[in-house]
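In what follows, a single structure is set out as C-alpha cells and then discussed.
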Amino acid sequence: RLERLLQVFIYNSFDQGSGDDALEAGGLYLAASMLSHSCAPNAAWHLDDANSFHLHARTHIREGEEITIPYLSVADLCLPTPDRREILSATKDFL
C-alpha cells in the first residue's frame, strides 16, 4: 500500500525546485493532477507568491474540449519528440 501511495504522489506531483534542483522538491495540486498532458497544451498554470494555483487558457478552448497542460518544463518542450517521450517515461511512467 505504501508503494502504491508513493507511486500516486510521484506520478501526480509537480516539480517545485529550480534549475538543476527541480527534482528535490515536489508539490501535489488537486486541480493540476486531474489535467492531461500535451506537448502543445491549450492551458498553462503557475503558482503565485502565496502558492495559490492559477490556471489560464493559452488558446481558445471550446465547450467540451479537454483542457491540457504541459508536464514538461518550457526547455523540455523544445526537445525533439524522442527526448520528450524518454523524460515522460522516466518521470510519469508514460509508455
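Under our numbering, read the sequence shown as residues 5 to 99, first letter to last.
Just so it is clear, CB atoms sit at the ideal spot from N, CA and C, and this is done for glycine as well.
Are at least three pairs of beta-carbons, each pair with one atom in the stretch 39 to 49 and one in the stretch 69 to 88, less than 8 angstroms apart?
Enough Cβ pairs lie closer than 8 angstroms, so yes.
Should Leu99 be labelled buried (16 or more other beta-carbon atoms within 10 Å of its own) or exposed?
Burial call: exposed.
Out of curiosity, what's the CA-to-CA distance linking Val12 and Asn55?
Spanning the two alpha carbons is a distance of roughly 22 angstroms.
Excluding the five sequence neighbours on either side, which residues of its own chain have a C-beta within less than 7 angstroms of the C-beta of Thr63, listed in chain order?
The answer, listed in chain order, is Asn46.
What residue ranges within the stretch 53 to 85 form continuous beta strand (DSSP E) runs of no fewer than 3 residues, ordered along the chain?
List check, beta strand (DSSP E) in window: 57 to 61.
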